[in-house]
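Taking it in order: structure first as structure tokens, then the write-up.
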Amino acid sequence: MQRYTLTNSYIVFGLNTTNMELDKDIQPVSKGGFHCKLCDVNLPNKASVDDHLKGRKHQKLSSVRATRKAQEQNSLFVSGFVRQMSQLQLVDYFQQFGPVSEVIMDKEKGVYAIVEFSEAKGMELALSHDQHILDNQTLRVKPREKKEFKYIPKKKQDRGNMQLSLERLSQGLCQAASVSEQMQRVVESFQLSDNEKKVRSLLVELLQEVFTEFFPECCILPFGSSVNTFDIHSCDLDLFLDLEKTQIFQARAKGSSEQAGECQSEDARSEDSILSDIDLSTASPAEVLDLVAAVLRKCVPGVHKVQVLSSARLPVVKFSHQELGLQGDITINNKLAVRNTRFLQLCSGIDARLCPLVYSIRYWAKQKQLAGNPFGGGPLLNNYALTLLIIFFLQNRNPPILLAVNLLKEFACEEEECVIEGWDCTFPSQPIAVPPSKNTEDLCALMAGFFSFYGEFDFAGTVISLRDGRALPITGFLSKEAEKGEEAMQGLEKAGGSSTSKTVRLGPVNVLDPFELCHNVAGNLNERTQKAFRRECEEAAKYCRSLQYQRKSTKGKVWGLVRLFAPHGGGGAMQGSSGGAERNLAISIPFRAAALPDTVRSQLHSAKGLFRQLWFEKVCRAVVGVFRDVLKCSVTPSDGPEKVGARQEEEEEETGCGAVKDPGISAHAGTAAEDAMLADCTVPAGENVHETNNNYNPDTCPSSLSLSKKCNPQDTVHKGVKRPLSSEDGSLASPENKKQRLDSGIDHPSAHWHCLLWHRVWAGRRKVRRDLLKSLPEASRPEGGGVELETQVTERIAQERLGAEKLLEFTLEAEVLGGTENTHTVLKFIPGEDHTGIFQDFFHFLESFLPKMTEKVLEKLE
Ligand code: UTP
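Every letter in the sequence shown is one number past the one before it in the UniProt record's numbering, and letter 148, counting from 1, is 148.
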């Protein structure tokens with residue numbers, strides 16, 4: 001069927017759905033919250049429904065639906081014409097009733113067509129016409145069937161296809177004798193056949209020939225999945241066009257033509273028009289890629305859909321090859337990728353267990369919507385990052401299955417030394433040069449081990465280094481100076497200078513490229529993907545402990561990998577639902593180093609092993625700031641299980657970590673200074689609630705923290721056996737030791753407040769904000785979504801209800817969780833008496849408001 005594309009139709013039609021229609025899309029869900037039928041998403045509360053209805057996705061789909069509806073209403077279903085009938089003939093015929101905007105033919109069978117009129121009048125006239133005869137055939141003409149608009153996300157369609165292949169795959173897997181055999185079958189099912197590989201290499205040869213014509217002495221080198229031993233049927237053909245020698249050629253040709261005057265040398269003539277258009281030594285990557293694209297379009301048979309993406313991290317030309325059904329990418333500044341592809345090949349050659357693990361885990365991750373960004377963007381793991389995670393896991397087996405890159409390097413000979421863009425990329429070229437591992441674990445155990453390893457991994461607190469074969473504490477990366485220190489520690493200065501000026505982009509998951517040590521290959525991941533990855537790993541680890549995983553079913557039931565490969569049902573990394581646990585009146589503030597100001601990052605860095613406490617203290621200040629200053633609540637520290645006292649002082653003394661001291665925090669509850677501060681934080685009922693402080697400054701915000709430590713039986717056990725956080729030479733302590741310490745349960749500071757809410761700060765907030773913004777001259781409008789604006793919004797709400805009585809009373813408990821879990825502060829709410837039942841509404845509002853606003857306040861911290 002030749003489809004009428006809806007591209008741009010949103011722009012033409014705009015948003016013309018009515019509120020009635022929008023309301024019909026939203027349905028309450030029995031478990032609580034709402035569901036948007038149109039977009040197929042769950043929404044936890046009214047505030048998020050509002051946001052959703054105004055969001056891009058909903059508006060776009062509403063617009064598409066409106067367009068489709070209009071098209072449907074003006075369209076006819078026509079059949080009974082001869083097979084050779086053309087669209088044009090149909091247009092000609094139906095135009096007698098009114099202007100025809102589109103005719104969609106069922107091209108394959110040629111038995112029907114949809115005729116769309118520009119106006120309903122044309123359709124009505126055609127319908128009222130007695131008989132339609134065209135080419136001696138009587139046409140059957142009826143109104144077009146009205147179908148309910150249903151949005152099928154592309155991902156779901158893809159999943160549908162994968163589902164089919166999963167069914168086929170599952171049958172084969174269930175027949176295997178063991179999980180190890182299942183994994184080998186996964187490899188066989190996905191791997192490129194010899195013919196497919198041959199076709200790819202022929203295309204590379206063809207491209208080499210064509211490009212050599214235009215870029216003499218260039219070299220086309222494949223990298224990525226086509227050649228890294230983890231190829232799958234539909235994988236891209238990633239190519240690096242190395243123009244280094246072409247550049248030398250061009251310089252040489254230029255020199256000789258200058259010497260020869262008018263009479264050009266042979267070389268210079270062969271450079272032909274395209275090279276004479278550009279000077280490779282000065283041209284920008286975008287200019288060169290434009291030429292590459294032109295060559296692809298004009299000179300390579302079968303190539304189509306050529307597109308230059310010059311703003312990508314690595315500018316690239318994308319193309320498709322119609323007959324071969326292949327998609328390809330050509331980059332020009334990507335020597336490192338060719339080298340890291342060689343590294344993956346080497347790892348595969350060193351241990352045969354890597355390959356089946358990579359295939360199986362990649363498939364699992366794709367099924368769970370954790371990996372496989374189609375265009376390299378988005379918040380999912382790319383295949384390269386996932387493969388590095390698997391290699392890192394194998395480096396950490398006992399005994400190790402693969403060696404840390406620094407150790408691997410020792411087995412390289414002099415000719416294999418390699419430095420690219422200042423990065424040391426040395427490793428042996430042949431697997432035989434590396435002694436085999438003594439580890440004898442089978443694939444079944446390793447797969448289970450992978451899930452346990454990452455199900456408990458401290459992603460937020462560490463940086464995964466394949467170079468060192470261990471997780472490095474994130475504190476070492478929190479400031480530029482720290483990064484330089486890390487580089488020095490890793491001996492990078494030997495490899496050249498370029499590295500020292502770059503910083504790693506830290507995020508919820510940090511996986512350093514083994515060579516380009518300033519590149520976090522998982523830097524695109526968001527909190528949600530990280531959480532989803534851990535959660536899926538935990539679930540898979542749990543399943544792997546069952547007999548259903550380990551043993552073949554004698555009753556023909558699914559077993560082993562099959563259940564692991566079941567697609568994710570709902571709430572994957574890309575979907576927006578908060579897990580069940582988060583519904584228990586708790587809000588989590590994740591540790592996001594990237595969102596903190598440089599100064600705070602430096603402080604956290606200096607705090608070393610105590611960075612969690614310091615960060616927690618900052619979060620608590622920010623949270624108190626949000627409740628007290630932005631939402632105008634009364635906030636009073638309440639008694640925790642045990643106040644910080646001698647123990648924390650003792651710990652600071654012992655660790656020598658003076659940098660952690662913060663006047664607001666280390667003045668512990670009970671001191672006169674803190675009493676004064678605490679008094680400052682408390683807003684007596686109805687008193688200074690209406691005082692305006694438009695110039696919000698979190699640094700002048702006195703701390704209301706009553707830091708306390710949970711009295712834990714383990715405290716006693718561990719007392720006196722604490723390991724120093726820094727080694728004698730001042731370098732960071734090893735992560736293994738650190739993990740042990742964090743696991744011990746000693747470091748779980750918590751804080752408690754008693755809070756009073758005076759106003760319905762959530763009710764009509766959006767409108768108040770809108771009106772407020774409108775009423776202010778543009779120059780004096782506070783920054784959208786910022787602390788000042790939100791403070792003013794609350795003030796307006798408060799002004800409207802002067803003399804309001806206490807609305808709600810609740811206790812707020814904050815606790816930092818870290819160590820084997822991701823570092824985050826959990827804020828638990830314990831409502832007091834709530835006769836009106838409004839606490840739920842307040843809490844729903846806080847769920848989206850509090851994390852955002854806390855982050856805003858943290859951004860302003862010094
Ligand atoms: P992909 O993530 O696309 O991996 O990176 P892949 O194995 O080719 O998987 P497909 O293509 O999704 O099937 C392709 C190559 O790009 C380089 C690596 O060489 C990788 O093999 N790459 C990717 C990097 O160098 N750094 C990155 O952060 C990502």
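In this text, a Cβ means the ideal position worked out from N, Cα and C, and glycines have one as well.
Using alpha carbons as the reference points, say which of the options lies closest to residue i.
i: A47; options: A594, K860, H844; result: H844
i: G255; options: E116, Y363, D279; result: D279
i: S634; options: T246, C347, L757; result: L757
i: K150; options: A337, P428, C537, A66; result: A66
i: F190; options: F230, V768, E244, K57; result: F230
i: R765; options: V463, T791, T554; result: T791
i: G556; options: A177, D238, T794; result: A177
i: L478; options: S602, E323, A622, T212; result: S602
i: F591; options: V619, S348, V288, G172; result: V619
i: C518; options: T529, T554, S465; result: S465
i: S437; options: K60, P399, H605, Q71; result: P399
i: D236; options: R68, K57, K197, A70; result: K197
i: L858; options: I797, E795, V787, S848; result: V787
i: F453; options: K542, A70, R252; result: K542
i: A295; options: R505, C174, L207, V141; result: Note on identity: in this sequence residue 295 is Val, with Ala being the wrong assignment. Nearest option by C-alpha distance: L207.
i: L134; options: N45, K552, Q73, Q84; result: Q84
i: A763; options: E778, R796, F565; result: R796
Exposed or buried, residue i, counting other C-beta atoms within 10 Å across all chains shown (16 or more means buried)?
i: K856; result: buried
i: R168; result: exposed
i: V509; result: buried
i: A805; result: Per the sequence shown, the amino acid found at residue 805 is Glu instead of Ala. Answer is exposed; the Cβ neighbour count stays below 16.
i: C218; result: buried
i: L776; result: exposed
i: K54; result: exposed
i: Q171; result: exposed
i: I830; result: exposed
i: P307; result: Note that residue 307 corresponds to Gln in the displayed sequence, not to Pro. By the neighbour-count rule (16 or more Cβ atoms within 10 Å), Q307 is not buried but exposed.
i: N195; result: exposed
i: G625; result: buried
i: P851; result: buried
i: S63; result: buried
i: C413; result: exposed
i: K531; result: buried
So with Cβ pairs under 7 Å, would you call residue i a contact of chain B?
i: T387; result: No chain B appears in the structure shown, which is made up of a single protein chain.
My understanding is that residue i touches residue j, with C-beta atoms under 8 Å, so please give their C-beta distance in whole angstroms.
i: F515; j: W423; result: 5 Å
i: I390; j: D351; result: Contact doesn't hold; Cβ gap of about 11 Å is too wide.
i: S118; j: P99; result: 4 Å
i: F393; j: F450; result: 5 Å
i: N406; j: R470; result: Their Cβ separation, rounded to whole angstroms, is 10 Å, which puts N406 and R470 out of contact at 8 Å.
i: R534; j: G461; result: Rounded, the Cβ-Cβ distance is 13 Å, inconsistent with contact.
i: S429; j: E410; result: Between E410 and S429 the Cβ distance is about 14 Å, and since that is not below 8 Å, they are no contact.
Indicate whether residue i and residue j have their beta-carbon atoms separated by less than 7 Å.
i: V338; j: V317; result: no
i: L241; j: I332; result: yes
i: S226; j: R200; result: yes
i: A113; j: M123; result: no
i: L386; j: A365; result: yes
i: I420; j: L336; result: yes
i: A448; j: C537; result: no
i: G507; j: A607; result: no
i: V511; j: L388; result: yes
i: K298; j: S320; result: no
i: L139; j: H132; result: yes
i: R284; j: Q247; result: In the sequence as displayed, the identity of residue 284 is Ser instead of Arg. No, these two residues do not count as a Cβ contact at 7 Å.
i: V562; j: S360; result: no
i: L631; j: T426; result: no
i: T854; j: A622; result: yes
i: F223; j: R144; result: no
i: P315; j: L289; result: yes
i: Q137; j: F81; result: yes
Is any non-hydrogen atom of the ligand COA found closer than 6 Å to the C-beta of residue i, if you look at the structure I gave you?
i: C235; result: With respect to the ligand COA, the structure shown offers nothing to examine, as its ligands consist of the ligand UTP.
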